[in-house]
Every structure is written in structure tokens, then in C-alpha cells.
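Okay, structure first, notes after.
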Amino acid sequence: MEEDTTQGCPFCTLAAKLESDELDLILGASMMEPDIRIQTNKLGFCPDHFSKMLRHGKRLPLALILESHLNELKSDTMKKGVVKSPEKAAARIRELNSTCYVCKRIGDNYYRMLANAAYMWGQDFDFRKKFASQPYLCGRHFADICEVAKKEVGKRLAPDLCAAAAQLYGNKLEDLSDEVSRFCRSFNHSYQDEPIGNAATSVERSIEFLK
Ligand SMILES: [Zn+2]
Ligand SMILES: [Zn+2]
1 MEEDTTQGCP FCTLAAKLES DELDLILGAS MMEPDIRIQT NKLGFCPDHF
51 SKMLRHGKRL PLALILESHL NELKSDTMKK GVVKSPEKAA ARIRELNSTC
101 YVCKRIGDNY YRMLANAAYM WGQDFDFRKK FASQPYLCGR HFADICEVAK
151 KEVGKRLAPD LCAAAAQLYG NKLEDLSDEV SRFCRSFNHS YQDEPIGNAA
201 TSVERSIEFL K
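Take the sequence shown: its letter number 179 is residue 179 in my numbering, and every next letter is one higher.
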């Protein structure tokens, strides 16, 4: 089920936009840039971003990235068609499996996005009102905004920003927990008259909130 971006955690919406912009760039304008190619060859991609690039549907740009990536991996781990040092090759693969070009790019921009929101919250009362009127914050973004708060709004205001974020997180946790219980009860004949309402989609929404 696609998430309704107007009803969800605003930082999840922004993070999804950062990711989709990065995928557009790497399979579009950035794809042939030599310095970007050096980075994609060095860092590779995580399983999630390989799958997302595949689903993006741009086969030729993806194939060109892979051609270069496989060639470099060959020259890193093989000589004349043979893996000369299995230990060194395995170490290079382990290193490659721990990095991802898209994750790295998103990570840099993700911190700036949270830092900017925290800074605005510290400076602008209208932004505080807008923040408080968001549908909810997921667990990850509640924890991350609290983490960033200390640095971006200072020690005095950080607990207030953290409390505002906690309220957006806590209300949703309370609602979802009730809805999932209602969904579970819907399988029990004793509760067959209880209307299920929104609880029908509570499993999907709980996972979205938790992941
Ligand atoms: Zn979120
Ligand atoms: Zn990744």
C-alpha cells in the first residue's frame, strides 16, 4: 500500500523525496560524470537501492553504471581472469557491502534537513505552530530530531523541541496501539459487532511508523 504523504510523518515524506531525487540524479544527469562514477564504483549500492534503481526502469543508465562497477570490481579482485588473492578479494567485497553511494548522499542531506527544521523551530513561532500541527512523527524521526535539537537550538530550548516532537510521536503510538488491538479483536467472534473502521489498515501503518 502506498503511504498517503499528506497524512504521514513529515520527515518521512521529505526523506522519501531526498531518496527519489538521488535516484533520479544517479540514473540521469549524474550518471556519466567521471567523479560520480569514481564514487559509485568505490561505494557500490545497498540491496535496497539496487532494487529501487532496478524498479526505476532506466535500464541503459543502470547497465552503464554496472558495467563500470563490475570492471572495477574485476580489477580490484582479479588478475587475468583469476582471483589471485581470495583473502584480499573477500575483504574488498566485505568493504563494498558495508557502503552505498545513495545512502551516503541521502545521509548528508538528511542531517541538513533535520538541522534546518530544528533551527527554524528555534527561530520562528509560525514554524513551531506548523510543526505542532503535523499528523505525527515516526519513532526514528522523533529520536533524530531530539538528537539534532541540542546542537541546533541550544541547551535551553532543546528540551521544548524534544517535548513537542515527543507529543507528535506519543499520540500516534497511542492511536496505532489501539487500532492494532481493534484489528486483532476483529478476528474474535465475541467482538464481531465492533466496527473495524481505520483499524483495517493498522498493520501497514504500524510498520510504516516503526520501520
Ligand atoms: Zn518519519
Ligand atoms: Zn543504500
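For every residue, glycine included, the Cβ atom is placed at its ideal position computed from N, Cα and C. Nothing here was measured: the structure is a model prediction, and the numbers come from that model.
Can you tell me the Cα-Cα spacing of residue i and residue j, whole angstroms?
i, j, result
"residue 163", "residue 102", "32 angstroms"
"residue 38", "residue 72", "9 angstroms"
"residue 70", "residue 206", "39 angstroms"
"residue 119", "residue 83", "52 angstroms"
"residue 48", "residue 122", "35 angstroms"
"residue 199", "residue 180", "6 angstroms"
"residue 68", "residue 41", "7 angstroms"
"residue 16", "residue 111", "14 angstroms"
From the DSSP output, in three-state form, read off residue i for me.
i, result
"residue 204", "helix"
"residue 197", "helix"
"residue 82", "strand"
"residue 170", "helix"
"residue 8", "coil"
"residue 17", "helix"
How far does the alpha helix (DSSP H) with residue i in it reach, from first residue to last?
i, result
"residue 118", "101 to 123"
Sorry if obvious, but does the Cβ on residue i come closer than 7 angstroms to a heavy atom of ligand 1?
i, result
"residue 189", "no"
"residue 27", "no"
"residue 137", "yes"
"residue 162", "no"
"residue 205", "no"
Cβ of residue i within 7 angstroms of any heavy atom in ligand 2?
i, result
"residue 24", "no"
"residue 48", "yes"
"residue 12", "no"
Is there at least one Cβ from chain C nearer than 8 angstroms to residue i's Cβ?
i, result
"residue 73", "Among the protein chains of the structure shown there is no chain C, as only one such chain exists."
Are there three or more Cβ pairs, one per stretch, closer than 8 angstroms when the segment 113 to 124 is compared with the segment 139 to 153? Remark: three or more beta-carbon pairs, one from each stretch, lie closer than 8 angstroms, so the segment 113 to 124 and the segment 139 to 153 are flagged as touching.
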